[in-house]
Amino acid sequence: MKVLVVIPTYNEAASITSLTSEVLHLPDNVDILIVDDNSPDKTASLVKDISRAWPNRVHLIERRKKTGLGGAYRTGLGWFLLHDTYTHVVTMDADHSHRPSDLHRMISLLTPERDVIMGVRWMPGGEIINWPKSRQRLSRIGTSYAKWALKLPLRDLTGGFRIYSRKTLERIQLSAVSSEGYCFQIEMARAVHAAKGRILETPITFIERQNGESKMSKKIVLEALIRVSGWALETRLRPNADKLHYVK
Ligand SMILES: Nc1nc2c(ncn2[C@@H]2O[C@H](COP(=O)(O)OP(=O)(O)OP(=O)(O)O)[C@@H](O)[C@H]2O)c(=O)[nH]1
Ligand SMILES: [Mg+2]
Numbered sequence: 001m002k003v004l005v006v007i008p009t010y011n012e013a014a015s016i017t018s019l020t021s022e023v024l025h026l027p028d029n030v031d032i033l034i035v036d037d038n039s040p041d042k043t044a045s046l047v048k049d050i051s052r053a054w055p056n057r058v059h060l061i062e063r064r065k066k067t068g069l070g071g072a073y074r075t076g077l078g079w080f081l082l083h084d085t086y087t088h089v090v091t092m093d094a095d096h097s098h099r100p101s102d103l104h105r106m107i108s109l110l111t112p113e114r115d116v117i118m119g120v121r122w123m124p125g126g127e128i129i130n131w132p133k134s135r136q137r138l139s140r141i142g143t144s145y146a147k148w149a150l151k152l153p154l155r156d157l158t159g160g161f162r163i164y165s166r167k168t169l170e171r172i173q174l175s176a177v178s179s180e181g182y183c184f185q186i187e188m189a190r191a192v193h194a195a196k197g198r199i200l201e202t203p204i205t206f207i208e209r210q211n212g213e214s215k216m217s218k219k220i221v222l223e224a225l226i227r228v229s230g231w232a233l234e235t236r237l238r239p240n241a242d243k244l245h246y247v248k
């Protein structure tokens, strides 16, 4: 088993050095791929310093401009698929909202029978620290709506802390997962479910960022609302639409 951790970054200079150091010092010997969108705060040059200190364990893809989380993840997951020494890929935020200690525990849950390990805030044992009530409400409503609309039996559809096996991603048409913003996480859950991926939900602690700025915006919320509503209709009109769309 060899794990790659993909971390998208936009203006995460305040967090990226400490986060990558914590991840690299885990006993799991994981490698890291940062996908940076030309951050004005020079996140990428910090990553270059880190990768000089950790040759072959830290990789960087620099995209020319910020086009959203979805595009950054499509690039990162595409890189993972091209490098078949890696058996699993992790998606993780750069801002210390996702704890490396949870990553270690999630990796320990991997077995050949499990296709996806999904970090969940909204289940017994899960926790959210320092998130304003309004943000918690948005996330809970988003997950509940998507769960009902898409008929997905999952408890944290908007969260981005997950592990996917290579086998699972190879069954999915990644280019068909076209969301730009955080809706990407919902769409990936939909695609994995359509591909009959076996998903294990596990509780995580999510901590509000202490440095840098959130990229959450009205546009991102609107994209999710419009897309999920469209998929809901599609699911009801053509129950196997997701399979036809996402599964190879
Ligand atoms: N490359 C790239 N990374 C992005 C983009 N938008 C967000 N990210 C990264 O995606 C991760 C999640 O973004 P955040 O802004 O923390 O979103 P969030 O966790 O929903 O919001 P907060 O609660 O405010 O932290 C972070 O590592 C960001 O740097 C983007 O357009 N391009
Ligand atoms: Mg965040």
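Residue numbers for the sequence shown, in UniProt numbering: 1 to 248.
Using N, Cα and C, we set each Cβ at its ideal position, and we do this for glycine too.
The structure presented is a predicted model; accordingly, all values stated were derived computationally and were not measured.
Notebook entry, point to check: When the Cα of aspartate 36 is compared with those of Ala94, His98 and Ala224, which residue comes out closest?
Noted result: Ala94
Check: Is the distance from the Cβ of glutamate 201 to the Cβ of arginine 155 below 9 Å?
Finding: yes
Note to self: On the DSSP bridge list, what partners appear for proline 203?
What the structure shows: Val120
Margin query: On the criterion of 16 or more Cβ atoms from any shown chain inside 10 Å, does arginine 111 qualify as buried, or is it exposed?
Written below: With the sequence shown as reference, residue 111 is identified as threonine, and arginine is not the correct amino acid for it. Threonine 111 is exposed by the Cβ-count criterion.
Notebook entry, point to check: Which term fits glycine 119, buried or exposed, when burial requires 16 or more other beta carbons within 10 angstroms of its beta carbon?
Noted result: buried
Next item on the list: Identify which residue in Arg137, Gly159, Thr158 and Leu4 has its Cα closest to the Cα of histidine 83.
Entry: Leu4
Next item on the list: Have a look at the DSSP bridge pairing and note the partners of aspartate 31.
Entry: Leu4
Check: Between the C-alpha atoms of serine 217 and leucine 19, what's the straight-line distance to the nearest angstrom?
Finding: 24 Å
Note to self: Is it buried or exposed, tryptophan 148, if we count other Cβ atoms within 10 angstroms and call 16 or more buried?
What the structure shows: exposed
Check: Buried or exposed: where does glycine 159 fall if 16 or more other Cβ atoms within 10 Å of its Cβ makes it buried?
Finding: buried
Notebook entry, point to check: Which term fits aspartate 49, buried or exposed, when burial requires 16 or more other beta carbons within 10 angstroms of its beta carbon?
Noted result: exposed
Check: What first and last residue would you give for the alpha helix (DSSP H) that runs through serine 144?
Finding: 133-150
Next item on the list: Just mark alanine 53 as buried or exposed, buried being the case when its beta carbon has 16 or more other beta carbons within 10 Å.
Entry: exposed
Margin query: Rounding to the nearest angstrom, what Cα-Cα distance links tryptophan 122 and serine 165 in this structure?
Written below: 23 Å
Next item on the list: Note down the Cα distance separating leucine 69 from methionine 188, rounded to an integer number of angstroms.
Entry: 12 Å
Check: Which residue comes first and which comes last in the beta strand (DSSP E) that contains arginine 162?
Finding: 162-165
Item checked: Segment limits, beta strand (DSSP E) that includes isoleucine 61 -> 58-62
Next item on the list: Please confirm whether leucine 157 and alanine 146 have their CB atoms less than 9 Å apart.
Entry: yes
Checklist line | Bounding residues of the beta strand (DSSP E) (the contiguous stretch that carries valine 247) | finding: Valine 247 -> no beta strand (DSSP E), and no H or E assigned at all.
Notebook entry, point to check: Which first and last residues belong to the alpha helix (DSSP H) in which valine 192 is found?
Noted result: 183-194
Note to self: Measuring only the C-alpha atoms, how far is histidine 104 from alanine 232?
What the structure shows: 35 Å
Note to self: Any heavy atom of ligand 1 closer than 8 Å to the beta-carbon of aspartate 242?
What the structure shows: no
Margin query: Closer than 7 Å between the C-beta and any heavy atom of ligand 2: which residues qualify, listed along the chain?
Written below: Asp93, Asp95, Ser97, Arg209 and Ser214
Note to self: Can you tell me whether arginine 227 is buried or exposed? The criterion is at least 16 other CB atoms within 10 Å of its CB, across all chains shown.
What the structure shows: buried
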